[in-house]
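Asker: My questions will all concern the structure given below.
There are 2 protein chains.
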Amino acid sequence: MSQITAPAQVDTFPRLGWVDELLSPALRAALAALPPDEGRIAGYHKGWCEADGTPTLSTAGGGKSVRPALTLLSAMAVGGSAESAVPGAVAVELVHDFTLLHDDVIDGDDLRRHRPAAWSVFGTPAAVLTGDALLVAAMRVLTDTQQQRMAVAVKELVDALLELVEGQSRDVAYEKAPEVSVAQYLAMAEGKTGSLMGCAAALGGVLAGADEVRVRGLREFGRRLGVAFQCADDVLGIWGHTSRSGKPVGGDLAARKKSLPVVTALESDGPATRRLRTLYDSPDALGEQDVALARELVEEAGGREAAEREAERQLSAALRALSRVRPAAEAHRQLREIAWAVARREA
Amino acid sequence: MSQITAPAQVDTFPRLGWVDELLSPALRAALAALPPDEGRIAGYHKGWCEADGTPTLSTAGGGKSVRPALTLLSAMAVGGSAESAVPGAVAVELVHDFTLLHDDVIDGDDLRRHRPAAWSVFGTPAAVLTGDALLVAAMRVLTDTQQQRMAVAVKELVDALLELVEGQSRDVAYEKAPEVSVAQYLAMAEGKTGSLMGCAAALGGVLAGADEVRVRGLREFGRRLGVAFQCADDVLGIWGHTSRSGKPVGGDLAARKKSLPVVTALESDGPATRRLRTLYDSPDALGEQDVALARELVEEAGGREAAEREAERQLSAALRALSRVRPAAEAHRQLREIAWAVARREA
């Protein structure tokens, strides 16, 4: 990452208390407006309450509000107020939670944010309906904003949703496909993760009244950052720890997920690639030893290094796009800090 | 139904070939824009193709486009063209299909439009994702319309979606509740069925440029009609035939559904009500004989008559609201014809 200089502090996600202070009341109001059962399930999903509705003791959990932070800071970056962008911040966070709820149903993942996924606690029907409710609530938050910008904001969100669905569809299809190329993988990641982060940043610009060129720059910034995040997340899915990811160690390998390191390793050539292919092609379940072996083979075939390099390339592209927006200095500094943390999957 | 005169022909749903001619290309274009797998599943759900994508031989199936017909005729009723309202017609039909796909997952219903429900053919994950895709496609169709009216149209749809989710939530909760009142039932039916039919009619007005008062009248017309439809549907769910409803005979009773005839019968007093309560309270599955007995008891306790009367009352209210819109004569005639057929559950 020679051409970009890391900020002094990149090992932890920057503390953005003011983001939560702005976001939290509006987000809680949106959840409180849901039907009671779906509101409780959404609250559990966010880590605000236990399954029976009792408030949780810890104030942590519920993710780090990366997307809302992008929205609020993007508004400030183009000279607007963070307050003006709160509806956008709430909308992207609600959409994010909608995708998590439905994705866990679709993928059968039973761990989310260090707790049993909502569907495994409340059942699939309840998780589906709660996801629907969150998506509709997101649309509602935007349609309640000032009418003139509302139309553009809604269009921005709907475009992102279309890409999200397309990305999720590819993801599901690729799990069954015999071969997936790196190019296909990146297109999927752009749809599944890039589109919503791009939308988060763009909405900040839209709601602050920025012109189309700057909105496009912000969208590109968020979109590249999203892909960087997904690449880093894939590395974590193989070499990370449950304590950080909230997911089982090596789970991606045990499930034979075609994540970026694996796809790259399989596209390579050599003894490690051939052994990895045999392991992935075998119809048997992968035991603990197989997973450990697969992990070594992916690394040997260059999958880890390639994924880390891709994350860095995407981060560079994101930061270049951001610079072209000519953002206000303080917002620029904070957005760069977030970008570094996100691209290292600290968020 | 003394105060309203039935049109000459009410026993079959009016043939509205022109509605399908206007709707079909736009609806097919919307489905063609979906990711391939979700497009195929949506096509199967609509009866356009088999599970493997082969076009079906029959051109029937896929429902009778009641909601799109309401949208197009409502536009004409306020002096606009049917063409101007096509995006609204497509949007409500896509939302309707979204609700059917997710509702079948949520309720575990495995028969839809005389065929196995999509989730039972393609799996729950695929049905969930296809539903999501249809909802997003509906939003997209509206955001692609002329910007000035777009904002109002989107708001109309989002408001309906909120009510839909609320109605579905109540429906799920009531299935587990020990007692449900007739008032609770009607509020649920208004959310689950009335909101989208109300939206269908209102969108026709909005897209034709009608003023708020007439849009409100059209919304009320569609909303009452939706509740009438639900009441009639409940009667059919107990005394109807599979050939007409596409659902198993007596299925609502076997599943102990708290449909309007049952709710009314249980709210009554007398020997039939008491025997029905015992039957519904028993933890055992209801066999064929129990279902036949329950059917008789609901009728004896006045549940059937009350539901039929409620359908008529709602239809009267719908037609009164429509008259207040002072609709154009020909559109008025056709809307009345549809209303009669819908309220008798011919659609």
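So the protein lines, in turn, are chains S and L.
Numbering (full-length UniProt numbering) for the first sequence: 1 to 347.
Numbering (full-length UniProt numbering) for the second sequence: 1 to 347.
Every residue, glycine too, gets a C-beta built ideally from N, C-alpha and C.
(1) So, for residue 127 of chain L: in the same chain, excluding its five sequence neighbours on each side, which residues have a beta-carbon less than 6 Å away from its beta-carbon?
(2) Contact criterion: CB-CB distance below 8 Å. Does residue 140 of chain L meet it with respect to chain S?
(3) Count the CB pairs spanning the segment 217 to 228 of chain S and the segment 188 to 208 of chain S that are closer than 8 Å, and state whether there are at least three.
(4) Within the continuous alpha helix (DSSP H) that includes residue 74 of chain L, where are the two ends?
(5) Taking only runs of the alpha helix (DSSP H) that begin and end inside the segment 29 to 57 of chain S, which ones reach a length of at least 4 residues, in chain order?
(6) How many angstroms separate the CA atom of residue 157 of chain S from the CA atom of residue 261 of chain L?
(7) Which ranges does the alpha helix (DSSP H) cover as unbroken runs of at least 4 residues, wholly within the segment 181 to 242 of chain L, from first to last along the chain?
(8) Within its chain, find whatever has a CB closer than 7 Å to the CB of residue 10 of chain L; leave out the 5 residues flanking it on each side and keep chain order.
(9) Within 10 angstroms of its Cβ, does residue 93 of chain S collect 16 or more other Cβ (buried), or is it exposed?
(10) Is there a Cβ from chain L that is less than 8 Å from the Cβ of residue 35 of chain S?
(11) Around the Cβ of residue 143 of chain S, are there at least 16 other Cβ atoms within 10 angstroms (buried) or fewer (exposed)?
(12) Check the Cβ-Cβ distances between residue 71 of chain L and every residue of chain S, and say whether any is below 8 Å.
(13) Consult DSSP for residue 116 of chain L and reduce its assignment to one of helix, strand or coil.
(14) Within 8 Å (strictly less), CB to CB, does residue 45 of chain S reach chain B?
(15) DSSP on residue 297 of chain L, reduced to helix/strand/coil?
(16) Identify which residue in S:190, S:257 and S:54 has its Cα closest to the Cα of residue 286 of chain S.
(17) Are any of the Cβ atoms in chain S nearer than 8 Å to that of residue 121 of chain L?
(18) Under 8 Å between C-beta atoms, does residue 129 of chain L make it to chain S?
(19) Shorter than 8 Å from the beta carbon of residue 338 of chain L to some beta carbon of chain S?
(20) Buried or exposed: which applies to residue 22 of chain S, given that a residue is buried once 16 or more other Cβ atoms fall within 10 Å of its Cβ?
(21) Tell me, please, whether the CB atom of residue 332 of chain S is closer than 8 Å to any CB atom in chain L?
(22) Measure from the C-beta of residue 397 of chain L to each C-beta in chain S and report whether the shortest distance is under 8 Å.
(23) Is residue 134 of chain S helix, strand or coil when you go by DSSP?
(24) For residue 266 of chain L, write down the residues that DSSP places opposite it in a beta bridge.
(25) Which residues of the segment 91 to 117 of chain S have a Cβ closer than 7 Å to any Cβ of chain L? Give them in chain order.
(26) Spell out the partners DSSP gives residue 111 of chain L in its beta bridges.
(27) With DSSP run on the structure shown, which of helix, strand or coil describes residue 176 of chain L?
(28) Tell me, to the nearest whole angstrom, how far the beta carbon of residue 238 of chain S is from that of residue 295 of chain S; I am working on the premise that it is less than 8 Å.
(29) Could you check if residue 130 of chain L is buried or exposed, using at least 16 other CB atoms within 10 Å of its CB as the buried criterion?
(30) Any residues in the segment 146 to 158 of chain S with a beta carbon nearer than 8 Å to a beta carbon of chain L? Which ones, in chain order?
Answerer: From the atom records:
(1) The residue given as residue 127 of chain L occupies position 127 in the second sequence. Closer than 6 Å at Cβ, skipping near neighbours: 101, 105, 118 and 119.
(2) On the second sequence, position 140 is the one that residue 140 of chain L refers to. So, interface residue.
(3) yes
(4) What you label residue 74 of chain L is simply residue 74 of the second sequence in a count that begins at 1. Start and end: 66 to 77.
(5) 36 to 45
(6) For the purposes of this step, residue 157 of chain S is taken as the residue at position 157 of the first sequence. For the purposes of this step, residue 261 of chain L is taken as the residue at position 261 of the second sequence. If you take the alpha carbons of residue 157 of chain S and residue 261 of chain L, they lie about 43 Å apart.
(7) 182 to 189, 195 to 207 and 212 to 239
(8) Along the second sequence, read from residue 1 onward, the residue named residue 10 of chain L stands at position 10. Here residue 10 of chain L scores only 45 on pLDDT, less than 50, and its place in the model should not be relied on; the value that follows carries that caveat. Excluding positions up to five away in sequence, the list reads 340, 341 and 344.
(9) The residue labelled residue 93 of chain S in the question sits at position 93 within the first sequence. It counts as buried.
(10) Residue numbering aside, residue 35 of chain S sits at position 35 when the first sequence is read from its first letter. Chain L, which has a Cβ nearer than 8 Å to the Cβ of residue 35 of chain S, makes this yes.
(11) As a position in the first sequence, residue 143 of chain S is number 143, starting the count at 1. Buried: at least 16 other Cβ atoms inside 10 Å.
(12) Position 71 of the second sequence, counting from 1, holds the residue named residue 71 of chain L. Not closer than 8 Å to any Cβ of chain S, the Cβ of residue 71 of chain L fails to qualify, so no.
(13) Stepping through the second sequence from its first residue, residue 116 of chain L is reached at position 116. Looking at residue 116 of chain L - three-state DSSP - the assignment turns out to be strand.
(14) Checking the listed chains, one finds no chain B in this structure; the protein chains it contains are S and L.
(15) For the purposes of this step, residue 297 of chain L is taken as residue 297 along the second sequence, with counting starting at 1. Helix.
(16) To locate residue 286 of chain S, count along the first sequence from 1; it is residue 286. The residue with the shortest Cα to Cα distance from residue 286 of chain S is S:257.
(17) Indexing the second sequence from 1 puts residue 121 of chain L at position 121. With 8 Å as the cut-off, residue 121 of chain L does not count as an interface residue toward chain S.
(18) Here residue 129 of chain L refers to the residue found at position 129 when the second sequence is read from its first residue. Yes, contact with chain S.
(19) Taking the second sequence and counting its residues from 1, the one referred to as residue 338 of chain L is at position 338. No, residue 338 of chain L does not count as interfacial toward chain S.
(20) Counted from its first residue, the first sequence places residue 22 of chain S at position 22. Residue 22 of chain S comes out buried.
(21) Stepping through the first sequence from its first residue, residue 332 of chain S is reached at position 332. Cβ-Cβ to chain L under 8 Å: no for residue 332 of chain S.
(22) Since the first residue of chain L shown is 1 and the last is 347, residue 397 of chain L is not available in this structure.
(23) Residue numbering aside, residue 134 of chain S sits at position 134 when the first sequence is read from its first letter. Three-state result, residue 134 of chain S: helix.
(24) Position 266 of the second sequence, counted from the start, is the residue given in the question as residue 266 of chain L. Looking at the DSSP assignment, residue 266 of chain L forms no beta bridge with any residue, so it has no partner.
(25) 102, 105 and 106
(26) Taking the second sequence and counting its residues from 1, one reaches residue 111 of chain L at position 111. Paired residues: L:116.
(27) Numbered from 1 along the second sequence, position 176 holds the residue referred to as residue 176 of chain L. Looking at residue 176 of chain L - three-state DSSP - the assignment turns out to be helix.
(28) As a first step, residue 238 of chain S must be located in the first sequence, where it is residue number 238. As a first step, residue 295 of chain S must be located in the first sequence, where it is residue number 295. Contact holds; Cβ gap of about 6 Å.
(29) Stepping through the second sequence from its first residue, residue 130 of chain L is reached at position 130. Label assigned to residue 130 of chain L: buried.
(30) 147, 150, 151, 154, 155 and 158
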